[in-house]
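Residue numbers (the numbering used here): 117 to 221. Glycine included, every Cβ here is placed at the ideal spot set by N, Cα and C. Notes follow the structure.
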Ligand code: SF4
Ligand code: F3S
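As structure tokens, this is what we get:
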């Protein structure tokens, strides 16, 4: 599976959902996650993300913690299938470290 990680938080550009062939993104207040059982590992979302927040679970950035967070929230957050405007401060938040503590569950 592919996994959404920290830099999505407070950015949520949503370019990723436009290209996903199986619509497996789920939307929280300030982050998206991927449903690990629905992702078909096509990889097309990766270059679309302006925050470079999406990684394959074969990459070190996709830690167990991020994988389980994606699994946990994709079961409760609603599906998102269309792009929407990014969060208001997305460009300022892009690349800022320590955003996990600011995830809105
Ligand atoms: Fe969707 Fe493909 Fe990205 Fe998986 S890797 S979330 S199937 S676009
Ligand atoms: Fe998040 Fe990147 Fe998608 S910032 S919403 S994973 S395009």
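Own chain partners of residue i with C-beta closer than 8 angstroms, once the 5 adjacent residues on each side are dropped
i, result
"residue 203", "126, 127, 128, 146 and 209"
"residue 160", "135, 136 and 137"
Per-residue burial, residue i [other beta carbons within 10 Å of its own, 16 or more giving buried]
i, result
"residue 123", "buried"
"residue 169", "buried"
"residue 148", "buried"
Residue i CB to nearest heavy atom of the ligand F3S below 7 angstroms
i, result
"residue 164", "yes"
"residue 120", "yes"
"residue 117", "no"
"residue 169", "yes"
Close-in-space but distant-in-sequence residues of the same chain around residue i (CB under 7 angstroms, 5 per side omitted)
i, result
"residue 217", "none"
"residue 131", "164, 165, 166 and 199"
"residue 158", "137"
"residue 182", "119 and 121"
"residue 205", "126"
The ligand SF4 heavy atom lying under 7 angstroms from the CB of residue i
i, result
"residue 157", "yes"
"residue 161", "yes"
"residue 137", "yes"
Cutoff 6 angstroms; reference residue i; Cβ partners in own chain excluding five residues on either side
i, result
"residue 221", "none"
"residue 211", "none"
"residue 176", "none"
"residue 162", "170"
Quick one: any contact between the segment 134-142 and the segment 183-199, if contact means 3 or more CB pairs under 8 angstroms? yes
For a minimum of 4 consecutive residues, which ranges assigned as the alpha helix (DSSP H) are wholly contained in the segment 133-164? Counting whole runs of 4 or more residues, the segment 133-164 contains no alpha helix (DSSP H) stretch at all.
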